[in-house]
Structures are given as C-alpha cells and as structure tokens.
Amino acid sequence: AQSVTQLDSHVSVSEGTPVLLRCNYSSSYSPSLFWYVQHPNKGLQLLLKYTSAATLVKGINGFEAEFKKSETSFHLTKPSAHMSDAAEYFCVVSQASGTYKYIFGTGTRLKVLA
Amino acid sequence: DTGVSQDPRHKITKRGQNVTFRCDPISEHNRLYWYRQTLGQGPEFLTYFQNEAQLEKSRLLSDRFSAERPKGSFSTLEIQRTEQGDSAMYLCASSGRTSGYNEQFFGPGTRLTVL
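Chains as they are written, first to last, in our numbering: chain Z, 1 to 114; chain E, 115 to 229.
Now the structure itself:
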C-alpha cells in the first residue's frame with residue numbers, strides 16, 4: 001500500500017524568505033513522487049517529479065525537491081518566496097507501473113506575507 | 115493540444131437528482147482518471163480507464179456512480195440520486211506514452227453542489 005503524509009497543513013513565510021514544505025511517503029514499490037500546486041479556482045499544475053533518476057529534482061518557478069530514500073521524504077523547497085507562490089501544494093505518490101494512479105497528501109496551504 | 119477540459123465547470127443540483135459530467139482528455143492520451151476532492155482534502159482516486167476499458171474502481175465509487183469512456187476518447191461520470199455528501203470537486207486527468215504514463219495532466223474540475 002502507498003500513502004503520503006504532508007506534515008504541515010499551513011505554512012506562512014515572508015516574501016523573500018525560504019520555503020520548506022514537508023512530505024513523507026510510504027510505498028511497497030519503487031515510487032514516483034510529484035509536487036502539484038493548486039491556485040484558487042485553477043487546476044492542478046505539476047511543479048516537479050521524481051521518477052528514479054536524479055534524487056535532486058528541479059521544477060518550475062524555482063522550486064526543487066530532494067528524494068531521500070533513507071528518510072522516505074520528498075520535501076519541497078524554494079530559496080526565496082514570491083507573493084504569487086501563495087497556493088495549496090500537494091505531494092503525490094504513485095506506482096512506477098500498473099495503473100499509475102495517484103495518492104495525494106492532504107495538502108499544505110502556503111501563505112506569503114508582504 | 116488544448117489540455118484536459120471538463121464540462122460543466124459548476125453544477126448545482128437538488129438532492130435526489132441525477133447529474134452527468136464530461137471530461138475530454140488530451141487527444142493522444144489513452145489513460146484517463148477521475149478523482150474527487152472535498153473541501154480541505156487532497157484529491158482521492160475514483161476510477162481509471164485505459165482506452166475504453168474501465169480497469170480499476172475505488173471503493174469510494176458507490177453503486178450510484180457510473181463512469182464510461184465509450185470510444186476511448188471522452189469520458190462521462192454520472193451520479194444518480196445525488197446526496198449532500200456528493201458535494202465536491204470532480205477532477206479528470208489523462209496520461210499517455212508521449213508524456214510518460216506516470217505524469218497526469220489535470221482538467222480544471224467540475225464543482226458539484228448538492229442542496
């Protein structure tokens with residue numbers, strides 16, 4: 001069975017300061033891991049994905065995440081927050097084969113303070 | 115490539131009525147997924163199609179729910195005798211060989227409100 005835990009339901013940062021959104025996963029298989037962002041009244045947008053290549057993954061808008069198998073973690077970071085980063089972020093795990101269905105975390109709402 | 119589209123974007127209905135949602139995936143994608151997202155939660159898997167075959171259904175998909183993908187292109191999700199607990203955002207996603215089967219592209223969703 002697969003599962004994903006987002007450790008913080010809400011995170012607040014000041015504009016220009018680093019962002020850290022935490023995600024731990026559980027998987028019986030070699031997982032694929034993703035971070036998606038959801039802005040209000042918008043669809044889910046892929047930020048980045050890990051699919052067993054490099055463990056440090058760079059995504060769009062300056063985000064990156066590091067796959068750490070020993071810690072079963074896939075935390076999302078950004079060096080400097082921008083007001084436009086305020087949104088809901090979802091960590092996702094899926095099998096690397098078969099149906100590839102997604103298992104979502106419960107989400108982290110990021111608030112960026114001016 | 116216009117992305118995944120869903121229709122309608124919003125649906126308000128009274129309890130007990132039937133509703134049907136449509137999803138048009140990216141044209142070359144043969145895999146299609148439905149998810150449901152309730153307020154404050156992450157999306158939850160409902161069902162999966164490969165071409166026209168429905169290959170997996172979640173236990174969340176009660177007998178009142180039915181999904182089809184008759185020609186392996188668009189898909190419909192019908193909810194019969196709606197209940198207030200069905201109020202949610204219904205998301206459709208597709209994937210295909212060209213983009214890698216493990217990357218899903220999501221539509222904007224259909225927000226259902228059952229009064």
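By construction, the Cβ of each residue, glycine as well, lies at the ideal position given by its N, Cα and C atoms.
Exclusion of the five residues before and after residue 72 (chain Z) leaves 24 and 25 as the residues of its chain whose Cβ lies within less than 6 Å of its Cβ. Scanning its chain for C-beta atoms nearer than 6 Å, with the 5 sequence neighbours on each side dropped, one finds around residue 62 (chain Z) the residues 78, in chain order. Against chain E, the CB of residue 63 (chain Z) has no partner CB under 8 Å away; the residue lies outside that interface. By the 16-neighbour rule on beta-carbons within 10 angstroms, residue 122 (chain E) is exposed. Excluding five sequence positions before and after residue 3 (chain Z), the CB atoms of its chain that fall closer than 6 Å to its own CB belong to 26, given in chain order.
For residue 74 (chain Z), the enclosing beta strand (DSSP E) starts and ends at 73-78.
Under the three-state reduction of DSSP output, residue 198 (chain E) falls in the helix class.
Taking all protein chains in view, the Cβ of residue 47 (chain Z) is crowded by 16 or more other Cβ atoms within 10 Å, so the residue is classified as buried. Annotated as distal: residue 135 (chain E) and residue 215 (chain E), with beta-carbon spacing of 8 Å or more.
E:190 is the residue among E:190, E:219 and E:127 whose C-alpha sits nearest the C-alpha of residue 181 (chain E). Following the DSSP letters along the chain, one finds residue 10 (chain Z) inside the beta strand (DSSP E) bounded by residues 10-14.
Contact fails between the stretch 92-105 of chain Z and the stretch 129-143 of chain E, because fewer than three Cβ pairs, one in each stretch, are under 8 Å apart.
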